[in-house]
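So the structure is just underneath, and the comments pick up after that.
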Amino acid sequence: MEALIGKVWHRWVSQHAVETHVSAQVNLLDLKQQLTLFYRGVGGDAGKMIVPAQSRNLNNTRRLIQRIAGTNQKHSVSWQDEETINLPAYINFFPDSSLNKALYFWLTALAAKLPVVQHWFADNQRACVELLQQRPGLKKVYQQLVLASIDQRLPLRDLQSNEILREQAIRKALADPGSVADLPQAKGEPQPVCLWLYSAPLRAVSVKADDKLEQAAHSTGSKSELVDSRKQAKRIDDSKQTDGLLIFQAESLSSWSEQVELDRCQEEDLDDDLQKAVEDLDIVTLSRQRRAGSAKIKFDLDLPAAQNDDLPLGEGILLPEWDYRKSSLTKDYCLLQPMLADQMVPVPLPEHLKLVANTLKKRFCLLQSQRSWHKHQSFGEEIDMDAWLRIVTQPVQDINRQDYYRSRLNRQRDVACLLLADLSMSTDAMITEQRCIIDVIKDTLLLFAEALNDAGDPFGIYGFSSVKNTQVRYHILKNFTEPYNDVTRGRITATRAGFYTRMGAAIRQSAEILKLQQSTQRLLMVVSDGKPNDIDQYEGRYGIEDTRHAILEAKQQGLQPFCVTIDDRASDYLPYLFGDKGFVIVNDVAKLPQILPRLYLKLTTANN
Amino acid sequence: MQSNNYYLPHDQEVNIFSLAAQKQLPVLIKGPTGCGKTRFVEYMAEKLNRPVHTIACHDDLTATDLVGRYLIGPEGTYWQDGPLTRAVKEGGICYLDEVVEARKDTTVVLHPLSDHRRVLSISQTGETIKAHEDFMLVISYNPGYQNVLKGLKPSTRQRFVAMRFDYQAPEKEVVIVCQESGVQKQIAQQLVALANDLRRLKDHDIEEAASTRLLIYTAMMVHAGMPIKDACVACLAEPVSDDTETLAVIEKLIDSYFAS
């Protein structure tokens, strides 16, 4: 009974304390694609991603009822750092959904104008002035937004002395940007201004992971090497390995609640308690230390033991990597290791694929017999007028030459295709109770190979995964010169999901291989399930920029990269990587095996 | 001579072109669609007082189309000069627009014309024609267009004096738009700013950026009395993309300048 009353009370008081308009709510996810495009259009940095912002604690004045309800303390304000633009996950401030939507576009335009916020009050005003001057069409909607947002603010009568002055200054600055120079001081933080951007939170300062494999390989375990001088701001210093439970000061106890040992580099083996702890914490400080306290013996648990692993071929290939911060290629940064599954068993095509394979085969057989008109033929259905005239007008006529017919002949196809499959750990996710993404990818590869084998186009199939820059695993499933048979089928069937997605290096190597093919059209198809990522700095913008660069290199070499992905959020980043016509998103994973060969047909017949 | 053609130079191109013409060197012009390549050639032809023979290349254009062919007339077959042969004989500028689109066999006739030999050999008639002293070969292409597979061969490109065009700097583009369409400067400024927004979307979101030509069309429509937002949608948004999401965003960008 008590619990019930508590619940009812909570619902009642929360409803009265929070002024939102749920029916007019606009979600970031629905608008993200448009906003990303808009951001590029208004002059924002093309590689940045728009992500939902986590709510932040602000120490602002609240109404009595809000204090009773315990709401209005956390706000999702908008901010950006060098990789992401953080916008509220949903906006329901205003009763009119078109205004909520307009606020998203306003914030995006402002973000392009104001990449770094140093002085919150002055910078936002300045950016607003510039934006409105450059884009006069925004004036009207800005005024509407200002009026509506002032309506939503706490009335002046609920504030005290200095707070009133400060609130007035903010309102004036909103209504007439650039008119107020300084923000009067007052207790606490001002109420959030939804039209403005905030500076990036200190804890978001990115710190480079300090355990690159090269270091690990040479590390003698000395303490000096492990202390990371680059740590900044509020990151905890967990690099000293002598810190133990026994050495602490009593007053530091209060801060214990904030530090939970979460090793994000390991698998998701968090139990429920930790998960819950994370939800309750305001600041989660992530440690980049992979080696736990006492571990002094070095071995990589991520990698399988050599005898269970595929056979590595050669010493590996050194490849460069693009660092967008330096705008340069870091030479020989990645070590790509070609691998061959030597312990697999040759298998025939699985039963469940036979039916689809047959249908595909029939379609692809037709490719060989596609016909077009050929001129200058000795035999044919029609007379080639050009050829006839040429023969007739020759000063010396050669009676033996009779190549003045046109004939419909089979067209020569001149296409080579390299299929590169993402075999990272994320493909191990289940889509139904029995099947994982990797199973679907395997089926896709098999069907694709069956179809292409019948079409007679040369093709190669490769897979990749990675563990940092020092081991990009590049699995050879079928070489261009190899015949497609039970052995190659066995290799495809034996692939396993594992590790991460260093896409740039894999694309570079694939481009090298494909370049050797003599065909006119050379197609580099990437099958993926998500963004490029790895456990070192290869995530977010770094990974995306490197992949983009690798793709540009491939395009420059005359190859045609194309991406097929099953990541439904891929429209955020794929246009930037592959261009607007260079990718396709498959919504229904189960259909991938049928879709891919069809796509191939479309891609290779359109250009001929 | 008073020029009828308005042309605002980007850089040194007028000078380069004049000197190349004086020294009988062929010229290659690279640049995106609608940035003023053809206009420049027409302007130079007028300035140098030479006729211009423009040939728009397409993927079925063969050497025969350039050089000429035998046709059937009432009295049997007769030879008809192609535009290139005419230009070679009479003098003047022969302008091959979007030359990469043409069939590869065209290079065979272009090569001897574009080096020191300056001759055109016609295999069908067995003739070899020495080019007129006023003959000048000019080719153009769009490097970003469609795909790199169709790029020019190094052996071809290395026979030309080359220059690269891009869209004009905003201030200059404003002058051009005003001049060509007659709209007010303020409107032209905002149209140019909008076009530059769209150009930023090139390569990832749209295939080809909004050209100066499209911009002039828009301004002309506005000048003719069309509401400015509608003109932008019709002349700047719809021609560059078919994707509804992209079009929605372009409309937002238009709104940010010209709210209805």
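Residue numbers (numbering that gives the first Met the number 0), protein chains in the order written: chain V, 0 to 607; chain X, 0 to 259. Note that CB positions come from ideal geometry on N, CA and C, so glycine has one too. Being a predicted model, the structure only gives us computed values, none of them experimental.
Item: Residues that V/M338 bridges to, as DSSP identifies them; Value: V/P311, V/H474
Item: Whole-angstrom distance between V/Y599 and V/V140, CA atom to CA atom; Value: 46 Å
Item: Touch test, the stretch 118 to 128 of chain V against the stretch 42 to 57 of chain V, Cβ-Cβ under 8 Å, three pairs minimum; Value: no
Item: Distance, V/L591 Cα to V/I491 Cα; Value: 16 Å
Item: Environment of V/N586 [buried if 16+ CB atoms lie within 10 Å]; Value: exposed
Item: Endpoints, the alpha helix (DSSP H) within which V/V686 is located; Value: For chain V, the structure presents residues 0 to 607; residue 686 of chain V sits outside this window and is missing.
Item: Residue nearest to X/L24 in terms of C-alpha spacing, selected from X/V174, X/I92, X/I175; Value: X/I92
Item: DSSP beta-bridge partners of V/G136; Value: In DSSP, V/G136 forms no bridge with anything.
Item: Secondary structure, beta strand (DSSP E): runs of 3+ residues fully inside the stretch 111 to 190 of chain X; Value: 118 to 121, 126 to 129, 134 to 140, 160 to 163
Item: Best match in V/K441, V/K325, V/L173, V/G313 for proximity to V/Y461 [C-alpha to C-alpha]; Value: V/K441
Item: Candidates V/M0, V/L86, V/Q143, V/R495: closest to V/A420 by CA position; Value: V/R495
Item: Minimum Cβ-Cβ distance from V/Y404 to chain X less than 9 Å; Value: no
Item: Inter-residue Cα distance where the pair is X/R116 and X/P153; Value: 19 Å
Item: Which listed residue (V/Q124, V/Y332, V/M524) has its alpha carbon closest to that of V/Y168; Value: According to the sequence as given, residue 168 of chain V is Ala; it is not Tyr. Closest option to V/A168, Cα to Cα, is V/Q124.
Item: Span separating the alpha-carbon of V/P610 from that of V/N26; Value: This structure gives no information on residue 610 of chain V, because the portion of chain V shown stretches from 0 to 607.
Item: Interfacial residues, the stretch 155 to 169 of chain X to chain V, with Cβ spacing under 8 Å; Value: none
Item: Chain X within 9 Å of V/P135, Cβ atoms only; Value: yes
Item: Sufficient close CB pairs (3 or more, under 8 Å) joining the stretch 101 to 117 of chain V to the stretch 41 to 48 of chain V; Value: yes
Item: Cross-chain neighbours of V/A108 in chain X, by beta carbon under 8 Å; Value: S255
Item: Buried/exposed call for V/L354, threshold 16 Cβ in 10 Å; Value: exposed
Item: X/K36 burial status per 10 Å Cβ neighbour count (16 or more: buried); Value: buried
Item: Within chain X, the residues that V/Y575 reaches when beta carbons sit closer than 8 Å; Value: H203
Item: Span of the alpha helix (DSSP H) around V/S96; Value: 96 to 112
Item: Buried versus exposed call for V/S221 [16 or more other C-beta atoms within 10 Å across all chains shown]; Value: Caution is warranted here: a pLDDT of 39 is assigned to V/S221, below 50, making its placement in the model unreliable, and the coordinate value is therefore given only provisionally. V/S221 should be labelled exposed.
Item: V/D579, DSSP secondary structure in three states; Value: coil
Item: For V/I437, three-class secondary structure by DSSP; Value: helix
Item: Boundaries of the alpha helix (DSSP H) in which V/W387 is found, first to last residue; Value: 384 to 392
Item: Residue nearest to X/M135 in terms of C-alpha spacing, selected from X/E250, X/G125, X/L119; Value: X/L119
Item: At least 3 beta-carbon pairs within less than 8 Å: the stretch 497 to 507 of chain V vs the stretch 449 to 458 of chain V; Value: no
Item: Contacts of X/E206 in chain A (Cβ-Cβ under 9 Å); Value: Note that chain A does not occur in the displayed structure, where the protein chains are V and X.
Item: Assumed close pair V/V526, V/I430 - CB separation to whole angstroms, cut-off 8 Å; Value: Wrong, their Cβ atoms sit about 15 Å apart, outside the cutoff.
Item: Interfacial residues, the stretch 135 to 163 of chain V to chain X, with Cβ spacing under 9 Å; Value: P135, G136, L137, K138, K139, V140
Item: Any C-beta of chain X under 9 Å from that of V/T603; Value: no
Item: Option nearest X/S255 by Cα separation, candidates V/R547, V/L359, V/A101; Value: V/A101
Item: Beta-ladder partner(s) of V/A357, from DSSP; Value: Just to set this straight, residue 357 of chain V is Asn in the shown sequence, not Ala. Answer by DSSP bridge pairing: none, since V/N357 is not bridged.
Item: Within 9 Å, strictly: CB atoms of V/K47 and V/T83; Value: yes
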